[in-house]
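Residue numbers (the UniProt record's numbering), protein chains in the order written: chain A, 1 to 326; chain B, 1 to 326.
Where is the CB? At the ideal position from N, CA and C, for every residue including glycine.
This structure is a prediction, so every number in the text was calculated from the model and none was measured.
Notes follow once the structure below has been shown.
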DNA sequence: GTGAAAGCGCTAACAA
DNA sequence: TTGTTAGCGCTTTCAC
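If you want it as structure tokens, here you go:
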């Protein structure tokens with residue numbers, strides 16, 4: 001039988017209010033504290049979070065809504081979020097929206113009645129309408145309105161860096177390969193930053209923008225790459241896309257970094273111990289997770305206003321670009 | 001202001017008990033049902049899970065304890081677990097134990113007072129001592145005692161298949177590359193199955209077993225591979241290890257599948273859409289997740305006895321083994 | 001500094 | 001079939 005606060009109070013010969021005070025770190029007489037702690041120990045008492053939550057309307061739980069945990073970028077993000085939350089005594093609800101706006105909203109609804117203290121979300125649909133303003137919400141990589149906090153990597157800067165690094169390595173015919181989503185998102189900024197630096201340097205830049213969700217990727221990629229053999233530098237919207245491009249190029253008998261150079265985006269790693277897969281613009285995922293949790297905590301604990309956090313990115317020299325000449 | 005059951009009862013002009021019945025699907029008069037539903041709609045009423053949990057001692061929440069979500073195998077597993085649980089109206093607590101027995105136990109403790117309905121765990125320490133027998137627990141890939149359910153892939157079979165496939169492809173000097181953990185686990189069976197098939201066929205088999213946690217992997221791998229140049233077939237304990245072996249072999253100027261052949265284990269994919277990385281023994285992760293959730297549900301809902309589930313594995317022909325001659 | 005008591009929103013037993 | 005009511009285990013006034 002699980003011990004309750006009443007049992008503890010009885011054994012320690014105090015009132016339940018006093019036990020509650022001890023649990024919550026409210027000052028009591030040293031002697032009383034001792035007695036209560038001994039009783040807690042003896043009975044292996046653990047406060048019931050549900051009874052507590054019913055009273056206080058707090059749950060020490062954050063919901064994390066992701067497109068899918070089955071992707072190294074989101075998995076790493078979730079890893080860091082969990083790590084920081086657990087350090088602060090918070091639990092994590094994991095929610096895979098699975099690319100469906102419907103499931104995103106279902107989760108929002110579910111999570112509301114689950115009494116979570118806040119939501120951290122990488123979401124693609126128009127979620128802001130469903131967020132009540134009193135539930136702290138931190139959006140990753142997506143800017144809604146002034147009412148909603150967001151944390152994002154500096155995508156525009158990333159595009160700029162990618163262009164500059166390719167140019168510095170001798171590329172003179174650049175291209176961008178990405179997708180267009182029905183929902184506005186930050187990846188457009190990657191393209192814009194890239195494009196502008198190309199223009200400033202008078203470098204021609206071709207663009208392949210595929211409509212998402214992307215069907216028959218290879219059938220779109222192959223003719224584009226075949227018809228534009230002059231391309232010697234590629235920036236792709238993310239690392240996975242870059243892997244696909246590399247695969248198609250291999251079929252065409254071209255190999256990076258000798259025959260062309262390519263830079264991805266994200267800085268995906270298969271696990272903590274493994275390295276980046278290719279040359280890429282690295283998003284500092286751990287920092288983003290830290291910023292998200294800090295922002296969340298500020299909103300929950302100090303009732304602070306929503307914040308906007310933009311975090312710089314950096315270039316990682318992998319095996320798909322040449323060493324830079326100095 | 002959030003609506004409570006009392007508000008709904010008042011608006012519908014019924015008692016709270018009736019509202020509760022409607023919510024819980026207990027039969028009431030059609031007319032009454034209508035009235036209550038209209039009031040629920042009108043007030044946008046959502047039952048408070050905490051009040052409900054306090055009363056019923058159920059939470060509709062399962063804890064998933066993993067070494068780390070930041071690994072494609074665990075991420076895929078978590079993905080499928082979440083998917084199936086959410087379909088059944090359950091929520092998922094994500095817990096990264098991070099390779100520490102301490103953190104595993106902390107989570108067990110935390111989760112107990114969080115009133116989860118059950119725990120699904122891929123754990124490495126001696127967790128069984130801390131599991132009270134009344135909390136449903138499903139262990140993945142690890143067999144504790146008769147009191148505890150487990151779901152595992154058929155690791156022994158996987159080892160056998162790996163040996164047979166290598167032999168069928170003309171390999172005559174095999175080796176196994178893996179690690180030894182201080183905690184007993186199922187990977188030993190992979191090795192045993194492999195080893196036995198080699199013996200039965202009179203094929204010599206070298207073994208490199210590194211002590212976990214593995215330090216300076218390359219410094220152990222390189223001399224072993226260099227000193228045993230006759231090796232033409234390798235089975236490694238998992239896909240990541242295989243990638244490391246492939247990396248070192250590349251340095252030594254040897255390439256799969258022409259210079260040697262290698263088979264991994266796990267069937268890791270970077271994401272749902274992407275393919276397996278190498279030739280490998282595929283664990284049917286989705287099936288394992290399904291079996292785990294089904295077992296959990298049977299224990300929670302029907303109070304069934306613990307179960308033992310072993311699921312077959314299969315070979316995937318990737319680019320690190322030759323086509324089989326027929 | 002501490003105990004007594006009200007009540008958070010719900011379920012389930014009981015009575016009608 | 002339905003309404004009334006007693007708590008689930010805790011926090012938090014309010015007196016003392």
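| Asked | Found |
| --- | --- |
| Alpha helix (DSSP H) containing residue 255(A): first to last residue? | Element bounds for residue 255(A): n/a, residue is neither H nor E. |
| Would residue 271(B) pass as an interface residue toward chain A - the criterion being a Cβ-Cβ separation below 8 Å? | yes |
| DSSP three-state call for residue 97(A): helix, strand or coil? | coil |
| Can you round the beta-carbon distance between residue 82(A) and residue 96(B) to whole angstroms, since I take them to be within the 8 Å contact cut? | 5 Å |
| Which two residues bound the contiguous beta strand (DSSP E) that contains residue 137(B)? | 137 to 140 |
| Please give the ranges of any beta strand (DSSP E) in the region 155 to 215 of chain A, keeping only runs that are unbroken, at least 3 residues long and fully inside the region. | 174 to 180, 205 to 211 |
| Rounded to whole angstroms, what's the CA-CA distance from residue 163(A) to residue 247(A)? Just pull it up for me. | 22 Å |
| Return the CA-CA distance between residue 286(A) and residue 271(B), expressed in angstroms with no decimal places. | 20 Å |
| Could you spell out where the alpha helix (DSSP H) holding residue 294(B) opens and where it closes? | 285 to 302 |
| For residue 79(B) and chain A, any beta-carbon pair shorter than 8 Å? | yes |
| Could you work out which residue in 231(A), 105(A), 223(A), 146(A) is closest to residue 328(A) when comparing CA atoms only? | Here chain A comprises residues numbered 1 to 326, so residue 328(A) is not present and cannot be evaluated. |
| Determine the DSSP secondary structure at residue 316(A), reduced to helix, strand or coil. | strand |
| What number of angstroms, rounded off, separates the C-alpha of residue 8(B) from the C-alpha of residue 21(B)? | 13 Å |
| Let me confirm a value: residue 238(A) is counted as buried when at least 16 other C-beta atoms fall within 10 Å, else exposed. Which label applies? | buried |
| Taking only beta-carbon positions, decide if residue 68(A) is within less than 8 Å of chain B. | yes |
| Could you tell me whether the Cβ of residue 204(A) comes closer than 8 Å to any Cβ of chain B? | no |
| Taking the beta strand (DSSP E) that residue 271(B) belongs to, which residues open and close that run? | Segment: none, residue 271(B) is in no beta strand (DSSP E) and carries neither H nor E. |
| What does DSSP give as the partner residues of residue 235(A) in its beta bridges? | 176(A), 263(A) |
| Residues of chain A with a CB under 7 Å from the CB of residue 71(B): which are they? | 271 |
| Are the C-beta of residue 220(A) and some C-beta of chain B separated by less than 8 Å? | no |
| CB residue 75(A) to CB residue 70(B), shorter than 8 Å? | yes |
| What are the residues of the region 41 to 57 of chain A that lie near chain B, defined by any Cβ-Cβ distance shorter than 8 Å? | 46, 47, 48, 49, 50, 51, 53, 54 |
| Along chain A, which residues have their Cβ under 7 Å away from the Cβ of residue 11(B)? | Here the premise fails: no neighbours, minimum Cβ distance about 19 Å. |
| Can you tell me the Cα-Cα spacing of residue 94(A) and residue 108(B), whole angstroms? | 18 Å |
| Where does residue 54(A) land, buried or exposed, given buried means 16+ other C-beta within 10 angstroms? | buried |
| Looking only at DSSP bridge pairs, what is residue 280(A) linked to? | 264(A), 316(A) |
| Are residue 233(A) and residue 194(A) close, meaning C-beta to C-beta below 8 Å? | no |
| Looking only at C-alpha atoms, which of 43(A), 124(A), 203(A) sits nearest to residue 183(A)? | 124(A) |
| Give the range of the beta strand (DSSP E) segment to which residue 310(B) is assigned. | 308 to 311 |
| In this structure, what does DSSP give as the bridge partners for residue 91(B)? | 61(B) |
| Whose Cβ in chain B lies nearer than 8 Å to the Cβ of residue 114(A)? | 49, 91 |
| Alpha carbon to alpha carbon, how far is residue 214(A) from residue 153(B)? | 34 Å |
| At a Cβ threshold of 8 Å, is residue 97(A) touching chain B? | no |
| Could you tell me whether any Cβ in chain A is nearer than 8 Å to the Cβ of residue 75(B)? | yes |
| Can you name the residues of chain A whose CB is closer than 8 Å to the CB of residue 83(B)? | 96, 98 |
| Go ahead and pull the three-state DSSP assignment for residue 79(B). | helix |
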